[in-house]
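2 protein chains.
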Amino acid sequence: MSKQLQQFIDDNLPKIEEELYDLVERIKAPETLTESMLYSLKAGGKRIRPLFVVAVCDLFHNKQHEALTVGAAVEMIHTYSLIHDDLPSMDNDDMRRGKPTNHVVFGEALATLAGDALNTLSFGVLARLENVEPLKKVELINMLSIASGAEGMVGGQVLDIDGENRRLNLSELEEVHINKTGAILRFSIESGAVLSDATKEERDALAEYAHHIGLAFQIQDDILDIVGTSEELGKTAGKDVESHKSTYPALLTLEGANAKLEEHFSLAVSALAKIRKDTSLLEEFARYIVKRTN
Amino acid sequence: MSKQLQQFIDDNLPKIEEELYDLVERIKAPETLTESMLYSLKAGGKRIRPLFVVAVCDLFHNKQHEALTVGAAVEMIHTYSLIHDDLPSMDNDDMRRGKPTNHVVFGEALATLAGDALNTLSFGVLARLENVEPLKKVELINMLSIASGAEGMVGGQVLDIDGENRRLNLSELEEVHINKTGAILRFSIESGAVLSDATKEERDALAEYAHHIGLAFQIQDDILDIVGTSEELGKTAGKDVESHKSTYPALLTLEGANAKLEEHFSLAVSALAKIRKDTSLLEEFARYIVKRTN
Numbered sequence: 011m012s013k014q015l016q017q018f019i020d021d022n023l024p025k026i027e028e029e030l031y032d033l034v035e036r037i038k039a040p041e042t043l044t045e046s047m048l049y050s051l052k053a054g055g056k057r058i059r060p061l062f063v064v065a066v067c068d069l070f071h072n073k074q075h076e077a078l079t080v081g082a083a084v085e086m087i088h089t090y091s092l093i094h095d096d097l098p099s100m101d102n103d104d105m106r107r108g109k110p111t112n113h114v115v116f117g118e119a120l121a122t123l124a125g126d127a128l129n130t131l132s133f134g135v136l137a138r139l140e141n142v143e144p145l146k147k148v149e150l151i152n153m154l155s156i157a158s159g160a161e162g163m164v165g166g167q168v169l170d171i172d173g174e175n176r177r178l179n180l181s182e183l184e185e186v187h188i189n190k191t192g193a194i195l196r197f198s199i200e201s202g203a204v205l206s207d208a209t210k211e212e213r214d215a216l217a218e219y220a221h222h223i224g225l226a227f228q229i230q231d232d233i234l235d236i237v238g239t240s241e242e243l244g245k246t247a248g249k250d251v252e253s254h255k256s257t258y259p260a261l262l263t264l265e266g267a268n269a270k271l272e273e274h275f276s277l278a279v280s281a282l283a284k285i286r287k288d289t290s291l292l293e294e295f296a297r298y299i300v301k302r303t304n
Numbered sequence: 011m012s013k014q015l016q017q018f019i020d021d022n023l024p025k026i027e028e029e030l031y032d033l034v035e036r037i038k039a040p041e042t043l044t045e046s047m048l049y050s051l052k053a054g055g056k057r058i059r060p061l062f063v064v065a066v067c068d069l070f071h072n073k074q075h076e077a078l079t080v081g082a083a084v085e086m087i088h089t090y091s092l093i094h095d096d097l098p099s100m101d102n103d104d105m106r107r108g109k110p111t112n113h114v115v116f117g118e119a120l121a122t123l124a125g126d127a128l129n130t131l132s133f134g135v136l137a138r139l140e141n142v143e144p145l146k147k148v149e150l151i152n153m154l155s156i157a158s159g160a161e162g163m164v165g166g167q168v169l170d171i172d173g174e175n176r177r178l179n180l181s182e183l184e185e186v187h188i189n190k191t192g193a194i195l196r197f198s199i200e201s202g203a204v205l206s207d208a209t210k211e212e213r214d215a216l217a218e219y220a221h222h223i224g225l226a227f228q229i230q231d232d233i234l235d236i237v238g239t240s241e242e243l244g245k246t247a248g249k250d251v252e253s254h255k256s257t258y259p260a261l262l263t264l265e266g267a268n269a270k271l272e273e274h275f276s277l278a279v280s281a282l283a284k285i286r287k288d289t290s291l292l293e294e295f296a297r298y299i300v301k302r303t304n
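Residue numbers (my numbering), protein chains in the order written: chain A, 11 to 304; chain B, 11 to 304.
Structure follows, in structure tokens:
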């Protein structure tokens, strides 16, 4: 990781996590529910989505606290999706990031409800944003609802389940990932543009960057499942191969998947070149995503 | 049911259902997901919540189409909560309104995701309301997030589960219901007031009415579980007694529960008296709720 990106993460990660926990701790809910919500929020993770919101705001020299709040909202959505994905009726995962999953600790009923509550809270958090005009809040809420719902993340999850027992082709596999993980990543990047009053051209370029970053992220995920160790990943490696899942390496070979990864990295960087600002941090972010080992 | 209320329902129920199905049919989602969402939305129900939104708008002679849209959003929330409540890890119900529950037809994974998608969609629907100013949309979204989330419906569901294996006292039982069913009913009534630019006094009176209607609704639910038949109810009668659930009749005897029901009905009607408009429809609605047999 470059020094610039490391410095950016060191500066912002603690603020993001403080905002995230604070937003949940201040609600008046039954104690066991808050505990279950915080358990999964505090289980770690790279916080890539909120970091992207802040990084895009940084590009526009927009230092407002609201970037952290929008980042927290998107991390709530990401976390709820993991809690529900891990349920026995879904992926049935006992461990996540080296810790027992939510339903293992709190039971399935509470895990389902904690996920529901995080999903719902994220929209309230956007509605209560301070110093953001109502029209912009409505735009962010509409974007998040589309990105995380049936037309985005949840839809992608359904396509993923539908595809489990057959071999997807490359375009079907891309459709899964554009929805399942790409839509929320794209929201993270575009919401930063909305908060910062980016021009249409800048926003389009960032959306293009987000599209390629999203696919690169997923390809690297698939590659790590093969070349990574369970210890590095904090989850069981080799699970995709064992379950005959459609992945980029399965479709394109490991070499082909690596080439595809490089291609999306280059296209992400080319998209940034359309923005007449110092995009070096976002370029470093793209490089980190393709080079990461966990 | 009075002629006035019957006429109101005959006039508005078809419009509410058309809007509800239309909002889901127009999204671009995987077919199985849309099918699962529509299955539960079309499984019937009294549509009390959207009818309340429209009835409150009627009180202010507000005939805008948006009342139907807000009603559809709240019905999506109600329906998602039923889908998740019925899951094997929660209430484990196979039948609802005389039909197999969502997970029986579509499997647990898709039922969980259909619930998630309906939850998420409801906020997008409010964000996309036409002819409603952004500040009002933000208020409605904030209200719905609080009413349906950890501080409202989901929190009440957690309290209900926590209370399953011990005897609750009356104030604990009221807290469960004020959150679990009352918060969403109150949203239905208050959102109509927001859409119609009600004064603070009118809104407060409607909130008071909503509070008592919510409790009356739940008490009648508990009474029907004892005196109703499974055929009338479209679900298994006598389930509460069998599971030793804390209910109003269990705490107060059937006679005491009936007295409490009458008390909340009277208080709901008294609250309406504070509004200088023709509140006869809302009074009939309250009467229907305490007299209903399913």
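Cβ coordinates follow ideal geometry from the N, Cα and C atoms, glycine included.
Beta-carbon spacing of residue i, residue j below 9 Å
i: B:K287; j: B:F70; result: yes
i: A:L282; j: A:Y219; result: yes
i: B:L51; j: B:I87; result: no
i: B:E35; j: B:T79; result: no
i: B:L131; j: B:M47; result: yes
i: A:L154; j: A:F197; result: yes
i: A:M100; j: A:T246; result: no
i: A:D172; j: B:T42; result: yes
i: A:G266; j: A:Q228; result: no
i: B:A82; j: B:V115; result: no
i: A:P60; j: A:I26; result: yes
Under the three-state DSSP convention, the category residue i falls into
i: A:M105; result: strand
i: B:P98; result: coil
i: A:P40; result: coil
Beta-carbon proximity list for residue i, same chain, < 6 Å, skipping 5 on both sides
i: A:Q167; result: K190
i: A:H274; result: H222, L225 and A226
i: B:A157; result: A193, I194 and F197
i: A:L120; result: S46
Rounded C-alpha distance that separates residue i from residue j
i: B:G159; j: A:A39; result: 9 Å
i: B:D21; j: B:I58; result: 14 Å
i: B:N179; j: B:L271; result: 17 Å
i: B:G125; j: B:E185; result: 25 Å
i: A:D103; j: A:L97; result: 7 Å
i: A:N141; j: A:N304; result: 37 Å
i: B:D231; j: B:F295; result: 16 Å
i: B:F133; j: B:L216; result: 23 Å
i: B:L33; j: B:N72; result: 22 Å
i: B:A137; j: A:G162; result: 17 Å
i: A:V84; j: A:S201; result: 10 Å
i: B:V279; j: A:Q74; result: 48 Å
i: B:I299; j: A:D214; result: 52 Å
i: B:I199; j: A:R297; result: 52 Å
i: A:E211; j: A:K284; result: 8 Å
Heavy atom of the ligand ZN within 8 Å of residue i beta-carbon
i: A:G224; result: As for the ligand ZN, it is missing from this structure, which has no ligand bound.
Residue i, buried or exposed, once every other Cβ within 10 Å from all chains shown has been counted against 16
i: B:T111; result: buried
i: B:G54; result: exposed
i: A:H254; result: exposed
i: B:V237; result: exposed
i: B:D207; result: exposed
i: B:N152; result: buried
i: A:E252; result: exposed
i: A:G108; result: exposed
i: B:R176; result: exposed
i: A:E143; result: exposed
i: B:Q174; result: Looking at the sequence itself, residue 174 of chain B is Glu, so the reference to Gln does not match. B:E174 should be labelled exposed.
Neighbour flag for residue i against chain E, beta carbons, 9 Å
i: B:T289; result: Included in the structure are the protein chains A and B, with no chain E among them.
Own chain residues within Cβ distance below 8 Å of residue i, not counting five before or after
i: A:L291; result: Q14, L15, F18, A65, D68 and L69
i: B:Y31; result: L48, L51 and K52
i: A:I188; result: G166, H221, G224 and L225
Close Cβ partners of residue i (< 7 Å) along its chain, the five nearest in sequence each way excluded
i: B:K249; result: D235
i: A:V204; result: K146, E149 and L150
i: B:S91; result: M163
i: B:L261; result: L180 and L183
i: A:S256; result: G173, R177, L178 and L183
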